[in-house]
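According to the numbering used here, the stretch in the sequence shown is residues 747 to 1052, in order. We put the CB at the ideal spot given by N, CA and C, even for glycine. Notes for the one structure printed next.
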Amino acid sequence: MTTSPTGAPALFENVAGDIAVSFEFFPPKTEKMEQTLWESIQTLAPLGPRFVSVTYGAGGSTRERTHATVARIARETPLSAAAHLTCVQATKDEIDEIARAYWDAGVRHIVALRGDMPTLGDPFEAHPEGYANAAELVAGLKKIAPFEISVAAYPECHPDSRNRAADLDNLWRKIDAGADRAITQFFFSPECFFRFRDQAAAMGIDAEIVPGILPVSNVAQTRKFAGACGANIPDWMDRLFEGLDDLPAARQLVAATVAAELCGRLYAGGVRHFHFYTLNRAELSYAICHLLGLRPRGATIQEQAA
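Written as structure tokens, this is what we have:
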């Protein structure tokens, strides 16, 4: 047995590959970005993800590109594609029409979100004829079709919430409206996730809560993301990446190490479902899944198409 100096098992010694994963992508803006996205999907597909999701820009700014990307995944791969959908700057009729189009395209899974305004920092304003929040959106989607629905959760509290109790109450209302699971915003402390999971359970939330994992290779970019969602970036992360701007391979290694340790500690605490924010790159997420014991489960997309 491999043990640490304290006698505890090595971090990845007892992983058994008994995990389920999902991956998040964003719709590409250019032909080159689309090629990168598709290469990432092809790399990750053999790991057998439960689903892959495609984000929806603030204010619906990527609506058409999101739909095109989701439809292509549903059409050209065996993967289960999930489309993000938000309440921002749209009437109920407009959102319902988008949802019906997804259903007609074979998409059966929606990630239902309140969403953010187009201008960063602007407070959320519900459309006078739209859905006021994610709980209303979930209820509306369930009236349209029997979608599988995922919603967001915030281990460190959504910045718009008055307090932790209000934040948990909002999550409870989304689950009560018909959501099947919650996917958390990214975080960097396993204790943060375990504390949140226990608080949700104590409140009577019994739906699956999946930790969202963001492998960080650009701390400045991550700080921008964190500012919008209330996540905490520990000071030590800056120190780890200092001096690596011109050393991409070393930066990737550090990023994989940090994220893999987080996932290993979550696994040791009983977590078996993980959601990866890939930023359309496959390498880091694939490496972490490999460390957790997950191996390719089937043919590649190209082999299946042959």
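Rounding to the nearest angstrom, what Cα-Cα distance links residue i and residue j in this structure?
| i | j | result |
| --- | --- | --- |
| L1037 | F758 | 7 Å |
| M863 | T968 | 19 Å |
| S896 | L990 | 36 Å |
| A899 | A996 | 32 Å |
| Y877 | L883 | 6 Å |
| F942 | P901 | 5 Å |
| D952 | G861 | 24 Å |
| A881 | L887 | 10 Å |
| R1018 | C1009 | 10 Å |
| V798 | C938 | 25 Å |
| D984 | F932 | 17 Å |
| D922 | E988 | 45 Å |
| P994 | A847 | 41 Å |
| E777 | T815 | 12 Å |
| I979 | G1015 | 22 Å |
| A791 | P1042 | 8 Å |
Using C-beta distances below 8 Å, list every residue in its chain close to residue i, excluding the 5 sequence neighbours before and after it, in chain order.
| i | result |
| --- | --- |
| D906 | P869, F870 |
| H873 | C833, V834, Q835, A836, T837 |
| A1033 | A1002, A1006 |
| V761 | G1010, Y1013, L1037, L1038, G1039 |
Along the alpha helix (DSSP H) that carries residue i, what are the first and last residues, could you check?
| i | result |
| --- | --- |
| I841 | 838-850 |
| T968 | 965-975 |
| N877 | The amino acid at residue 877 is misidentified as Asn; the sequence shows Tyr. Segment: none, Y877 is in no alpha helix (DSSP H) and carries neither H nor E. |
| I819 | 809-822 |
| S786 | 777-790 |
| G1010 | 994-1014 |
| D913 | 910-922 |
Apart from the five residues on each side of it in sequence, which residues of its chain come closer than 7 Å, Cβ to Cβ, to residue i?
| i | result |
| --- | --- |
| L783 | F771, P774, N1026 |
| L1040 | G763, I765, V767, L793 |
| E894 | R854, H855, D926 |
| A820 | A827, A851, G852, V853 |
| E1029 | Q998 |
| E875 | T837, K838 |
| H830 | S799, V800, T801, Y802, T812, V857, L859 |
According to DSSP, is residue i part of a helix, a strand, or is it coil?
| i | result |
| --- | --- |
| G867 | coil |
| H1021 | strand |
| T748 | In this prediction, T748 has a pLDDT of 47, which is less than 50 and means its spatial position is unreliable; nothing more can be read from the coordinates. |
| T832 | strand |
| V962 | coil |
| I1034 | helix |
| L859 | strand |
| I951 | coil |
| A827 | strand |
| P980 | coil |
| L986 | helix |
| L793 | helix |
| A946 | helix |
| C903 | coil |
| P936 | helix |
| R1043 | coil |
| R941 | helix |
From what residue to what residue does the beta strand (DSSP E) around residue i run?
| i | result |
| --- | --- |
| I929 | 927-932 |
| F758 | Careful: F758 lies outside any beta strand (DSSP E) and carries neither H nor E. |
Strictly by DSSP, which residues pair up with residue i?
| i | result |
| --- | --- |
| V884 | DSSP output for V884 lists no bridge partner at all. |
| F771 | V800 |
| I895 | I856 |
| A766 | H1019 |
| V956 | I929 |
Going by beta carbon distance, what residues of the same chain come within less than 6 Å of residue i, once the five residues before and after it are set aside?
| i | result |
| --- | --- |
| I929 | S896, V956, G958, H1021 |
| T812 | P773, V800, Y802 |
| V962 | T968, A1001 |
| G950 | none |
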